[in-house]
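Under UniProt numbering, the sequence shown has 334 at position 334, and the numbering climbs by one with no breaks.
Glycine included, every Cβ here is placed at the ideal spot set by N, Cα and C.
Here the structure comes first, spelled out in structure tokens, and everything after it is commentary.
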Amino acid sequence: MTMLSLYSTRPFSEAARSPFHSVRFSNFIMSFLSKLTRVFDIGAHDDMGYQELRMLRFVNVTATAIMVPAIVGPLFYLYVLVCRPELHAPLWQGLVPFFQFIMAFGVFYFNARHRYWAAKLLIVFSGLITITLMGLLFQQAGGDSLFFLVAPIAIFLFLGLNRFSMMLNITVFCIYLGVNYFHNHFPPITPMPMELVQVNYTINQVIIYLMIGMLTYFLISLNQGMEQRMRTLMETDSLTGLFNRRKYDAFSQKAYTQAYDDQTPVSVILFDIDYFKAYNDTYGHLAGDDCLVEVAEVLKACVHRRTDIVSRVGGEEFVVVLTNTELKDAVHLAQTVLQQVEAKGLPHEQSKVKPYVTISAGVACRIPSQEDDFFGLFNAADQKLYEAKANGRNQVAA
């Protein structure tokens with residue numbers, strides 16, 4: 001049997017139908033997720049900070065999560081009312097979740113009008129009112145008092161670590177003790193049939209588990225985001241966006257040690273903007289900052305391997321560390337950087353080289369051994385940079 005006949009054994013209609021339906025299903029999922037994301041971003045604006053946007057999204061996510069049981073509650077009440085009238089479902093079982101639905105919708109309303117504190121207060125107080133009301137109506141049997149265990153997490157998370165949150169937590173604890181006292185001394189206001197009690201208790205356990213899981217995930221992801229943000233701030237030059245001296249020191253030593261273990265060459269390139277002091281004196285320090293940013297953009301475009309690093313180590317000095325790179329390749333990269341900086345044509349009337357900004361480069365390469373270290377390689381590149389400057393600048397010395 002030929003290869004053509006092998007492929008023709010499946011009808012064309014079957015072959016075409018499966019991808020088509022798969023594309024339609026994936027498009028439906030993407031459309032749904034896109035609409036859901038817009039719900040989470042209700043109230044967001046361009047001037048929001050990173051943490052403010054995260055908190056806004058979490059408030060909207062929580063409001064969305066509250067809407068799920070708030071919709072299920074009235075539907076379950078209607079089901080019992082129509083299909084199982086012998087259970088005598090209490091009216092409160094449908095009204096309280098409906099109240100929660102209205103409160104969740106109110107959270108979106110306040111966020112959309114940028115009243116974020118009101119939205120957070122609403123989401124906290126509506127939950128506390130619901131917990132207290134359900135606890136008094138149905139008592140422990142319904143499992144509603146278990147939500148008091150989540151209250152301190154929600155209060156501190158939404159309202160922050162402040163005196164108001166501390167006082168509110170003390171108040172909630174007192175309410176919790178009062179509800180327990182009521183449970184032990186008075187019968188439930190609205191007794192529930194045993195079958196409904198079991199269903200309600202199970203639903204509450206599932207909701208509490210999901211809420212604690214969601215809160216824990218948010219707290220961990222928030223902590224990881226903060227750690228990453230702090231690491232970025234500590235390792236990045238705020239002006240150019242390149243790595244700073246701290247990151248360069250740590251990376252260079254690690255890369256040199258790895259190169260020694262692998263016996264592969266390490267190359268270092270030092271760049272310096274020609275007559276940069278005269279540039280600042282002529283055009284001002286703001287223009288000097290713009291010049292540094294332009295040079296940094298060229299370096300970012302030329303050094304793109306994840307195993308390499310480009311850093312700003314001084315005022316107008318940049319250093320590139322290239323792992324597993326021979327001298328000729330490092331020289332070629334340095335020449336490319338010089339050409340692209342020159343091609344930008346940034347005016348520099350006081351330069352003694354050309355009427356626009358130029359840079360000089362010193363390159364050194366070495367396979368590490370026990371007799372030397374990275375500082376020796378850096379010093380060699382530094383000497384070559386001085387040599388390039390002494391020979392007229394706007395050139396590469398290696």
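{"Item": "Going by CA-CA distance only, name the one from 150, 392, 132 that's closest to residue 183.", "Value": "132"}
{"Item": "Assign residue 174 to buried or exposed, taking buried as 16 or more other Cβ atoms, counted over all protein chains shown, within 10 Å of its Cβ.", "Value": "exposed"}
{"Item": "How big is the Cα-Cα spacing for residue 17 and residue 124?", "Value": "Reliability of the predicted coordinates at residue 17 is poor, the pLDDT of 46 falling under 50, and no value is obtained from them."}
{"Item": "Quick one: grab the DSSP three-state call for residue 356.", "Value": "strand"}
{"Item": "Exposed or buried, which one is residue 322 when buried takes at least 16 other CB atoms within 10 Å?", "Value": "buried"}
{"Item": "Helix, strand or coil for residue 309? Go by DSSP, reduced to three states.", "Value": "strand"}
{"Item": "Please say whether residue 391 and residue 397 have beta carbons closer to each other than 8 Å?", "Value": "yes"}
{"Item": "Distance, Cα to Cα, residue 136 vs residue 238?", "Value": "57 Å"}
{"Item": "Inspect the CB distances between the stretch 356 to 370 and the stretch 246 to 266 and report whether three or more fall short of 8 Å.", "Value": "yes"}
{"Item": "State the Cα-Cα distance for the pair residue 382 and residue 295, rounded to the nearest angstrom.", "Value": "19 Å"}
{"Item": "In terms of alpha-carbon separation, which member of 274, 224, 246 lies closest to residue 54?", "Value": "224"}
{"Item": "If you reduce the DSSP assignment to three classes, tell me which class residue 256 lands in.", "Value": "helix"}
{"Item": "Residue 130 to residue 119, Cα distance in whole Å?", "Value": "16 Å"}
{"Item": "From the DSSP output, read off the bridge partner residues of residue 270.", "Value": "319, 362"}
{"Item": "Pick out the complete alpha helix (DSSP H) segments inside the stretch 118 to 175, 4 residues or longer, and give them in chain order.", "Value": "151 to 159"}
{"Item": "The alpha helix (DSSP H) with residue 375 in it runs from where to where?", "Value": "374 to 390"}
{"Item": "Looking only at its chain, what residues have a beta carbon closer than 6 Å to the beta carbon of residue 251, apart from the 5 residues adjacent to it on each side?", "Value": "309"}
{"Item": "Would you call the stretch 63 to 79 and the stretch 96 to 104 touching, i.e. three or more CB-CB distances under 8 Å?", "Value": "yes"}
{"Item": "Buried or exposed for residue 399, going by 16 or more other Cβ atoms inside 10 Å?", "Value": "Because the chain here runs from 1 to 398, residue 399 falls outside it and cannot be looked at."}
{"Item": "Have a look at 63, 177, 92, 90 and flag the residue whose alpha-carbon is nearest the alpha-carbon of residue 109.", "Value": "63"}
{"Item": "Does DSSP put residue 397 in a helix, in a strand, or in coil?", "Value": "strand"}
{"Item": "Around the Cβ of residue 51, are there at least 16 other Cβ atoms within 10 angstroms (buried) or fewer (exposed)?", "Value": "exposed"}
{"Item": "What are the boundary residues of the alpha helix (DSSP H) that includes residue 299?", "Value": "285 to 302"}
{"Item": "Can you give me the C-alpha to C-alpha distance between residue 214 and residue 48, rounded to a whole angstrom?", "Value": "23 Å"}
{"Item": "Alpha carbons only, please: which of 307, 253, 276, 302 is nearest the one belonging to residue 373?", "Value": "253"}
{"Item": "Under a Cβ-count criterion, where at least 16 other Cβ atoms within 10 Å of its own Cβ denotes burial, should residue 343 be classed as buried or exposed?", "Value": "exposed"}
{"Item": "Classify residue 274: buried if its beta carbon has 16 or more other beta carbons within 10 angstroms, exposed otherwise.", "Value": "buried"}
{"Item": "What residue range is occupied by the uninterrupted alpha helix (DSSP H) comprising residue 332?", "Value": "327 to 344"}
{"Item": "Compare the C-alpha of residue 364 against each of 313, 216, 375 and name the closest.", "Value": "375"}
{"Item": "For residue 401, count the other beta carbons within 10 Å of its own beta carbon; 16 or more makes it buried, fewer makes it exposed. Which is it?", "Value": "Since the displayed the chain opens at 1 and closes at 398, residue 401 lies outside it and no answer follows."}
{"Item": "Expressed to the nearest angstrom, what Euclidean distance is found between the alpha-carbon atoms of residue 83 and residue 169?", "Value": "42 Å"}
{"Item": "Going straight from the alpha carbon of residue 42 to that of residue 197, what length do you get?", "Value": "37 Å"}
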